[in-house]
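Note that our numbering gives residue 309 to position 301 of the sequence shown, counting from 1, and the numbers run on in steps of one.
Just so you know, even glycine gets a beta-carbon here, dropped at the ideal spot from N, CA and C.
Report on the structure given below.
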Amino acid sequence: MLTQISVGQAWLATTLIAATVTVLCFAVRNHTAIAFVLVIAVGGLVPMAQQGHAGGTEGHDAAVNALGLHLVFAAIWLGGLLTMVLLRSKLDGDRLVPVLRRYSAIALVCFVVVAASGYVSAEIRVGSLDRLLTAYGLLVLIKVAALLALGLFGAAYRRVLIGRLEERGSAARGPFWWLVTAELAFMGVASGVAAALARTAPPVSQVVAAQLPDPTPAQILTGEPLPPELTPMRYLTEWNFDLLWILLCAFGIFFYLAGVHRLRKRGDAWPVHRSILWVAGMIGLFYITNGGVNVYQKYLFSSHMLAHMVLAMVIPLLLVPGAPVTLAMRAIRKRQDGSRGGREWILMAVHSRFASFVGHPIVAAVLFAGSLLVFYYSPLFSWATTDHIGHQWMIVHFLIVGYLFTQNLIGVDPMPVRLAYPMRLLLLLATMAFHAFFGLSLMTGTGLLLADWFGAMGRPWGESTLADQQAGGGIAWSIGEIPTVILAIVTAIMWSKSDKRDSVRYDRKADRDGDAELEAYNRNLEALQAAERR
Numbered sequence: 009m010l011t012q013i014s015v016g017q018a019w020l021a022t023t024l025i026a027a028t029v030t031v032l033c034f035a036v037r038n039h040t041a042i043a044f045v046l047v048i049a050v051g052g053l054v055p056m057a058q059q060g061h062a063g064g065t066e067g068h069d070a071a072v073n074a075l076g077l078h079l080v081f082a083a084i085w086l087g088g089l090l091t092m093v094l095l096r097s098k099l100d101g102d103r104l105v106p107v108l109r110r111y112s113a114i115a116l117v118c119f120v121v122v123a124a125s126g127y128v129s130a131e132i133r134v135g136s137l138d139r140l141l142t143a144y145g146l147l148v149l150i151k152v153a154a155l156l157a158l159g160l161f162g163a164a165y166r167r168v169l170i171g172r173l174e175e176r177g178s179a180a181r182g183p184f185w186w187l188v189t190a191e192l193a194f195m196g197v198a199s200g201v202a203a204a205l206a207r208t209a210p211p212v213s214q215v216v217a218a219q220l221p222d223p224t225p226a227q228i229l230t231g232e233p234l235p236p237e238l239t240p241m242r243y244l245t246e247w248n249f250d251l252l253w254i255l256l257c258a259f260g261i262f263f264y265l266a267g268v269h270r271l272r273k274r275g276d277a278w279p280v281h282r283s284i285l286w287v288a289g290m291i292g293l294f295y296i297t298n299g300g301v302n303v304y305q306k307y308l309f310s311s312h313m314l315a316h317m318v319l320a321m322v323i324p325l326l327l328v329p330g331a332p333v334t335l336a337m338r339a340i341r342k343r344q345d346g347s348r349g350g351r352e353w354i355l356m357a358v359h360s361r362f363a364s365f366v367g368h369p370i371v372a373a374v375l376f377a378g379s380l381l382v383f384y385y386s387p388l389f390s391w392a393t394t395d396h397i398g399h400q401w402m403i404v405h406f407l408i409v410g411y412l413f414t415q416n417l418i419g420v421d422p423m424p425v426r427l428a429y430p431m432r433l434l435l436l437l438a439t440m441a442f443h444a445f446f447g448l449s450l451m452t453g454t455g456l457l458l459a460d461w462f463g464a465m466g467r468p469w470g471e472s473t474l475a476d477q478q479a480g481g482g483i484a485w486s487i488g489e490i491p492t493v494i495l496a497i498v499t500a501i502m503w504s505k506s507d508k509r510d511s512v513r514y515d516r517k518a519d520r521d522g523d524a525e526l527e528a529y530n531r532n533l534e535a536l537q538a539a540e541r542r
């Protein structure tokens, strides 16, 4: 039975992952291995998130995102608090205050994500304010009250308790642990209400599109009604919000600017243009994952290709000059107690063998160019188009391979291998030639990619499916060329500046030692000439 229905399969997968994580928690001690165990543990919550809202219904993708984020960050929040309780006997002396500060920062992020994801879930399932008086709505209100209480606990930690613990030491520990106990009680209430919500029918019913009285082909395929006819203005006016990427972009801007603020507060400079480019890149990422392109890429291959090109070529061109790793290394304080914080984890990731491999210029170029063939001419394209998890993987993949390739050309963040500037230009030209060939092959091709999806939408507007695919090839060819030219220009400018720096460095060295290197070279020539005359 477990393997025959989707809920049973989800529970089976979650149980197996939980068992694996339990064994690994006792078996591994290496920091890298622990990081992988964390990833596996988070992955164990994904199957249940996918079952929290019926597939094929309107709003399914948004509901899965919201529930997944809710589960993951609630687990981190509650798990962190339980960990502090379990390690209570170890948090003696001066250990408690720094641990509490770190947990408080994590809990604040969790509070924001849990609140935002809870709101989205309630909006999808409740629909309107008058439905809050239903049984489901009343449970939502109880959970909101518990969440607000937990927010007050967090404020008490940050504003009152940490200061008292620093001033009074052990005298303030009693009230602190009582507050932790009360917070655990409210978390228990919230968790119990969440379990009750999972067993209560929501006011907004979940009707699979195929069961509607007269479903359109687009509804049967996507679960959503066909959007209005695409026009250039509709790319700006149509929106399909994705909470995951809203939060990622918001946190990306916030933490970057917080790092810049910390540098300037201690008197260190950070180039303004780097901040502007980073924020612009995050805004671009927000639009591509939430705006009109995200609305239409389910229905039009050309919109999908536009999203691909922007994710892989335009957004990295803005993000890479922002130098986030360099900023993090300068802004995040180094841990002095032997533990690992953000700075230590970033350093470990940057210097890991995996990062050294995928970050190698040749490997990055192969991933960037080879992804075109592997993705579009394999089942990956179907998975990324028809499945929400596949769609999220596609965004992450295109963004990362584009970032790695751009970083090797114009990045200032540390990399395992740096090619000379002439080799960078050759690598860029070779990769872009392959890119242009791919675009031209789509422009002239007559075979449909994913014909049972794009060709079965039943669109009453727009070009034919083949013409739209050929237009997508034109986008791959034309839009890809603009960032290529920009990359080539920036690389050439960096090459020129590097030569000037080398020349200035050589002149300074010559001034210091009286041009000893040139004198030695001339003496060597004179000795050779004297030897020839003899």
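Query: With 16 other Cβ atoms within 10 Å as the buried cut-off, status of Glu232; Result: buried
Query: Residue from Val425, Gly463, Val287 and Trp485 with nearest C-alpha to Thr452; Result: Trp485
Query: Val107, DSSP secondary structure in three states; Result: helix
Query: Proximity to Ala154 [Cα-Cα], best of Leu314, Ile132, Ala206 and Ala82; Result: Ala82
Query: Spatially closest choice to Met365 from Pro424, Ala500 and Trp461, by CA coordinates; Result: A small correction: the amino acid at residue 365 is Phe; Met does not occupy that position in the sequence shown. With distances taken between Cα atoms, Phe365 lies closest to Pro424.
Query: Phe184 to Leu169 span [Cα, whole Å]; Result: 7 angstroms
Query: Inter-residue Cα distance where the pair is Thr208 and Tyr144; Result: 6 angstroms
Query: Supposed contact pair Ala339 and Ala421 - C-beta distance, whole angstroms, cut 8 angstroms; Result: Going by the sequence as given, residue 421 is Asp instead of Ala. In fact, because the Cβ distance is near 14 angstroms, the residues do not count as touching under 8 angstroms.
Query: Contact belief for Ile254 with Met290 at Cβ below 8 angstroms, rounded distance in angstroms; Result: About 11 angstroms separates the two Cβ atoms, so there is no contact after all.
Query: Residue closest to Phe309, alpha-carbon to alpha-carbon, out of Gly463, Phe294 and Val50; Result: Gly463
Query: Beta carbon of Gly87 nearer than 8 angstroms to that of Leu53; Result: no
Query: Proximity below 8 angstroms, CB of Ala444 to CB of Gly481; Result: no
Query: Contacting residues, own chain, Cβ-Cβ under 6 angstroms from Ile84 (five flanking each side not counted); Result: Cys118
Query: Proximity winner among Leu265, Arg242 and Ala49, relative to Cys33 (alpha-carbon distances); Result: Ala49
Query: Close beta carbons around Ser283, own chain, < 6 angstroms, minus the five adjacent residues each side; Result: Val268
Query: Backbone CA spacing between Met502 and Met431 [nearest angstrom]; Result: 13 angstroms
Query: Nonlocal neighbours in the same chain, by C-beta distance under 6 angstroms from Thr492, ignoring five residues either side; Result: Met440
Query: Coarse secondary structure for Asp515, derived from DSSP in three states; Result: A caution first: Asp515 carries a pLDDT of 49, below 50, which makes its placement in the model unreliable, though a value can still be read off. Helix.
Query: First through last residue of the alpha helix (DSSP H) which encompasses Ile48; Result: His39 to Gly51
Query: With 16 other Cβ atoms within 10 Å as the buried cut-off, status of Glu191; Result: buried
Query: Alpha carbon of Ala21 to alpha carbon of Thr28, nearest angstrom; Result: 11 angstroms
Query: Alpha carbon of Leu474 to alpha carbon of Met317, nearest angstrom; Result: 19 angstroms
Query: The stretch 351-360 in contact with the stretch 377-386 per 3-pair CB rule at 8 angstroms; Result: no
Query: Anticipated Cβ contact below 8 angstroms, Leu407 with Leu319, distance rounded; Result: 5 angstroms
Query: Completely contained alpha helix (DSSP H) runs for the stretch 251-293, where each covers 4 or more residues; Result: 251-273
Query: Sufficient close CB pairs (3 or more, under 8 angstroms) joining the stretch 90-109 to the stretch 129-145; Result: no
Query: Same chain only: Cβ atoms within 7 angstroms of Tyr514, ignoring 5 sequence neighbours per side; Result: In this prediction, Tyr514 scores a pLDDT of 49, lower than 50, which makes its location untrustworthy; no coordinate-derived value is stated.
Query: Start and end residues, alpha helix (DSSP H) containing Arg338; Result: Pro332 to Ala339
Query: Top-ranked residue by Cα proximity to Ala372, from Ile228, Gly51, Ser386 and Gly410; Result: Gly410
Query: Residue closest to Arg426, alpha-carbon to alpha-carbon, out of Pro223, Thr499 and Phe194; Result: Thr499
Query: Cβ-based neighbour list, Ala198, same chain, cut-off 6 angstroms, excluding 5 preceding and 5 following; Result: Lys151 and Ala154
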